[in-house]
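Residue numbers (our numbering): -4 to 54. One structure is given here, and the rest of the page talks about it.
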C-alpha cells in the first residue's frame, strides 16, 4: 500500500517543486535580498565609523 501511495504522490511532488520559489540558492539580486544587503552594508559601515571614533580606554 505504501509503494502505491508513493507512486501516486510522486508526480504531485514534482509539480509542486516547479511551482515553489527557488529557495535553495540565493543570487542576492531580488529586491528583498538587495534591500537586506544594502542595509547590512550600511550597518557595518556605521559600526566601523563608531568604532573608529570612540576613544579607547587603557587600563
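Glycine residues also receive a C-beta, built at the ideal position from the N, C-alpha and C atoms. Note that the structure is predicted; figures quoted are calculated from it, not measured.
Consider the Cβ of residue 42: report whether some Cβ of chain D lies at a distance smaller than 8 Å.
Absence of chain D from the displayed structure is noted, only one protein chain being present.
Tell me where the alpha helix (DSSP H) around residue 51 begins and ends.
No alpha helix (DSSP H) holds residue 51; DSSP gives it neither H nor E.
Measure the alpha-carbon distance for residue 27 versus residue 34 and round it to whole angstroms.
Using only the alpha carbons, I get a separation of about 11 Å.
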